[in-house]
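Those protein sequences? They're chains A and B, same order as listed.
Under the numbering used here, the first residue of the first sequence carries the number 1, and numbering increases by one thereafter.
Under the numbering used here, the first residue of the second sequence carries the number 1001, and numbering increases by one thereafter.
Just so you know, even glycine gets a beta-carbon here, dropped at the ideal spot from N, CA and C.
A quick note: this is a predicted structure, and the numbers were derived from the prediction, not measured.
Reviewing the structure listed below.
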Amino acid sequence: MATRLLVRRIWAVSVKDSRRLPAAAASLSSSSSSRSSSLSTSVHTRSFLSPSRSLLLSSHRCISFNVQDNDDFTERVINSDLPVLVDFHAQWCGPCKILGPRLEKAVAKQKGRVAMAKVDIDDHTDLAIEYGVSAVPTVIAMRGGDIIDKFVGIKDEDQLDSFVNKLIGQ
Amino acid sequence: MPPVENDNAQIKARLQEFIDSNLVVIFSKSYCPYCKKVKELFKELNVACEAMELDLIENGSSYQDVLMEMTGQKTVPNVFVNKTHVGGCDKTIQAHKDGYLQQLLGAESTAYDYDLIVIGGGSGGLACSKEAAALGKKVMVLDYVVPTPLGTSWGLGGTCVNVGCIPKKLMHQTAMLHTALEDARKFGWEFSEAVNHNWETMKSAVNNYIGSLNWGYRVALRDKNVTYMNSYAEFVEPHKIKATTKRGKEMFHTAAKFVLATGERPRYLGIPGDKEYCITSDDLFYLSYCPGKTLVIGASYVALECGGFLAGLGLDVTIMVRSILLRGFDQDMANRAGDHMETYGIKFIRKFVPIKIEQLEAGTPGRLKVTAKSTETDEIIEGEYNTVLIAVGRDACTGNIGLDKAGVFVNPKNGKIPVNDEEQTNIPHIYAIGDILEGKWELTPVAIQAGRLLARRLFAGSSEKCDYVNVPTTVFTPLEYGSCGLSEEKAIELYGEENLEIFHSLFWPLEYTIPNRDNNRCYAKIICNKLDNERVIGFHYLGPNAGEVTQGFGVAMKCGATKQQLDSTIGIHPTCAEIFTTMEVTKRSGGDIKQTGC
Chain A
1 MATRLLVRRI
11 WAVSVKDSRR
21 LPAAAASLSS
31 SSSSRSSSLS
41 TSVHTRSFLS
51 PSRSLLLSSH
61 RCISFNVQDN
71 DDFTERVINS
81 DLPVLVDFHA
91 QWCGPCKILG
101 PRLEKAVAKQ
111 KGRVAMAKVD
121 IDDHTDLAIE
131 YGVSAVPTVI
141 AMRGGDIIDK
151 FVGIKDEDQL
161 DSFVNKLIGQ
Chain B
1001 MPPVENDNAQ
1011 IKARLQEFID
1021 SNLVVIFSKS
1031 YCPYCKKVKE
1041 LFKELNVACE
1051 AMELDLIENG
1061 SSYQDVLMEM
1071 TGQKTVPNVF
1081 VNKTHVGGCD
1091 KTIQAHKDGY
1101 LQQLLGAEST
1111 AYDYDLIVIG
1121 GGSGGLACSK
1131 EAAALGKKVM
1141 VLDYVVPTPL
1151 GTSWGLGGTC
1161 VNVGCIPKKL
1171 MHQTAMLHTA
1181 LEDARKFGWE
1191 FSEAVNHNWE
1201 TMKSAVNNYI
1211 GSLNWGYRVA
1221 LRDKNVTYMN
1231 SYAEFVEPHK
1241 IKATTKRGKE
1251 MFHTAAKFVL
1261 ATGERPRYLG
1271 IPGDKEYCIT
1281 SDDLFYLSYC
1291 PGKTLVIGAS
1301 YVALECGGFL
1311 AGLGLDVTIM
1321 VRSILLRGFD
1331 QDMANRAGDH
1341 METYGIKFIR
1351 KFVPIKIEQL
1361 EAGTPGRLKV
1371 TAKSTETDEI
1381 IEGEYNTVLI
1391 AVGRDACTGN
1401 IGLDKAGVFV
1411 NPKNGKIPVN
1421 DEEQTNIPHI
1431 YAIGDILEGK
1441 WELTPVAIQA
1451 GRLLARRLFA
1461 GSSEKCDYVN
1471 VPTTVFTPLE
1481 YGSCGLSEEK
1491 AIELYGEENL
1501 EIFHSLFWPL
1511 EYTIPNRDNN
1521 RCYAKIICNK
1531 LDNERVIGFH
1541 YLGPNAGEVT
1551 QGFGVAMKCG
1561 ATKQQLDSTI
1571 GIHPTCAEIF
1581 TTMEVTKRSG
1591 GDIKQTGC
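Now the structure itself:
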């Protein structure tokens, strides 16, 4: 358990780094996709961590996802075992472009205890209308198919952290 | 008190008409629980009923008095079924129990899915549907954008929001900023020589704004409880439409009443290469690349506005004109706006029509060869352009919505729908508003007004009609042209030249003096009816901020402003609009109209 926590902590740090440095993110993803080559070229600490990191990476990919359609929403949001943040956003919305990455970061910090679903309101208008979205970005926190919390507009990183913490009951 | 009797007679006629034209009529008050109970009864029976809320309409108490006169019943609800007076809540429920109600409703009684179906989610359709829903009606709106031949498509809101007023004015603003940048140096602003425009940035910004408006409309429909379908609607029966989604899924819906608000789409030329290689205004606002050297075909306001702002972005623009500029507008003003465009760097090819468009090279933009023929001689000319924009008029979208199945008369010559002064077609339960109307203004605010008032007449017992007279409007050419009322031509035709006094003046906006541009280009003109106290019947303004200037004078004309009242108004100095308070030179005098000093 202690090692798992340690790995998670290191993972959180490396995610932070990769967000800041696109080049680092690229090398990270390439190291996970072609592990054999990365093993030989990576520095010692990295090769030591890479198997578990790639495992977490794949689970991270599931944790933040774009909703495909209503059925997908039902399956991965309403029926989700994890609490889910639903980010209703639009291509034409400037603030959404700022909030989206911040939200992903806040979710990543929770190390798999919360998922994030992204809904483009122009592609999935019915969903947005059904969930009462009037302006974007609108973020809805759901647990067991119920709406627990909601906010509209931009929030800073600390506010997002506390919003997410509240959802997972911390 | 004779006037009251007169009013009562009118009210009685309105009430009778309302009773006669609806299967079930409930005179009600919005807060009355018994009225609610009766409405619920009819809802259970699945019978559409029309309620007139006497506490929400003007003169509601007079209506109640007349009802007392007609039925001996003063209280509400006051229910009529099939033109027969039934009574209040208890009597109606009793009638239901003993079968009298069913008997009155008749075997053929029809229950519709909706009180109102609006076909077309543009300015008019949305306004009408929201108003009807706010009056408690069950309303559906269907909107569907058929993509252009080049595949351009857009969201909810109709022409104005997506491919008209909104993107047009934002791009006009883009062009005006270019002029402002040039002027700025004269006012002492210093910045590096190179000033470039990025089409992609402008296009994305404009499209993003439109995206937010589309969403706003969708939310407004939800909030007002209007059912919205992104489907193509066509009549299959007089009270039934087929709605087809993008994926081809079909559904059928019925309604007691319909409003047609399908709008218009750009007309093509019907010459080789037009749909394959040319764009229209429907494509221009979503074009992913800068159009480059552009030929605009047509002299409609769409043509002049698009040509104007493209030139303002610094593009090489040519406009090909078959005959006159801005048909239907005051020709003196139209030509002045056109002359200014020439000084602005736009080339005009007059009295030519294109006969063939060929692609020399594909690309973004590519290269096109245009062959055109003189309208007067056999002369043929050729030209090479990156983009050809067709703006030769618009066609009403009335051809493929099954109007024949509903029996609605459409003018076969232009596809327009004639309506009476209450926007009613030849089929009593089908109405039409907006650009598809014959002989009416094609303007968003007119459609909105008509739609809203129509809903109030249909569902709230209102009698107010849309006033299509003295509608102010503005053409956003590089030098903007605002007008209200009659053109000089139309005024002469209606009143005779001898009965008109036309005052006019050139003026030079103060902000143009330091850059020293467009001197003696801006022009103001008012047409007054000498037979009617020199009442202003035509207002024309060519200059900056024409929309802002014209709007207020539109109000004045609605109030019946006369020349004397304009003269006694104090101007605001220094502005452009103040010119209208000091107009002295009449056109017939031939006096000097050049402006000098304060």
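Per the C-alpha coordinates, the member of A/V107, A/L167, A/A106 and A/F151 positioned closest to A/F88 is A/F151. Judged by DSSP in its simplified three-state form, B/C1522 adopts strand. Chain-ordered, the chain A residues with CB closer than 8 Å to the CB of B/S1212 read A90, W92 and C93. The beta carbon of B/P1238 lies closer than 6 Å to those of A1406 in the same chain, with the five residues before and after it left out. Every alpha helix (DSSP H) stretch that sits fully inside the region 1190 to 1270 of chain B and reaches 4 residues is listed by chain position as 1199 to 1223. With contacts defined as CB atoms closer than 8 Å, B/L1177 and B/Y1217 fail to qualify as a contacting pair. Taken through DSSP and simplified to helix, strand or coil, B/M1557 comes out as helix. Taking 3 residues as the shortest admissible run, the region 1353 to 1419 of chain B contains the following complete beta strand (DSSP E) segments, listed from N- to C-terminal end: 1367 to 1374, 1380 to 1385, 1387 to 1390 and 1394 to 1396. At a Cβ-Cβ threshold of 8 Å, B/G1538 and B/L1486 count as neighbours. Closer than 8 Å to the CB of A/T125 there is at least one CB belonging to chain B. Where A/N70 is concerned, the enclosing alpha helix (DSSP H) starts and stops at N70 to F73. For chain A, the residues of the region 1196 to 1225 of chain B that bring a beta carbon within less than 8 Å of one of its beta carbons are N1207, N1208, Y1209, I1210, G1211, S1212, N1214, W1215, R1218, V1219, R1222 and D1223, in chain order.
Contact annotation: B/C1128 and B/G1439 have beta-carbon atoms that are not nearer than 8 Å. Interface criterion not met: the Cβ of A/D72 is under 8 Å from no Cβ in chain B. According to DSSP, B/M1140 shares a beta bridge with B/I1117 and B/T1227.
Residues of the region 126 to 147 of chain A with a Cβ closer than 7 Å to any Cβ of chain B, in chain order: I129 and S134. Between B/L1500 and B/C1466, the C-beta gap is not smaller than 8 Å, which leaves the two residues out of contact.
Unbroken beta strand (DSSP E) runs of no fewer than 3 residues, entirely contained in the region 1266 to 1315 of chain B, are found at 1294 to 1297, following chain order.
Bounds of the beta strand (DSSP E) holding B/L1506 are L1500 to F1507. Within a 10 Å sphere around the beta-carbon of B/N1426 sit fewer than 16 other beta-carbons, which makes this residue exposed. Close partners of A/I98 in chain B (Cβ separation under 8 Å) are lacking, with about 14 Å as the shortest Cβ gap.
Residues K118 of the same chain have their beta carbon placed closer than 6 Å to that of A/N66, with the five preceding and five following residues left out of the count.
Between A/A141 and A/Y131, the alpha-carbon positions lie close to 12 Å from each other.
Shown here, B/E1053 sits in a strand according to DSSP, grouped into three states. In this structure, DSSP gives B/R1535 an extended state, which the three-state scheme calls strand. One finds W1215 in chain B with Cβ atoms closer than 7 Å to the Cβ of A/I121, taken in chain order. Residue burial annotation: B/C1484 is buried, with at least 16 other C-beta atoms found within 10 angstroms of its C-beta. When the Cα atoms are used, B/Y1289 and B/N1207 turn out to be separated by approximately 13 Å. By the CB criterion at 8 Å, B/L1142 and B/A1233 fall inside the cutoff.
Beta-bridge partners of B/T1513 (DSSP): none assigned. If you draw a straight line from the Cα of A/D156 to the Cα of A/G94, it is about 15 Å long. The beta strand (DSSP E) runs lying completely inside the region 1125 to 1172 of chain B and spanning 3 residues or more are 1139 to 1142, given in chain order.
Looking at the backbone, the Cα of B/D1282 and that of B/T1152 are separated by about 7 Å.
In this structure, A/V84 keeps its C-beta atom at 8 Å or more from the C-beta atom of A/V139.
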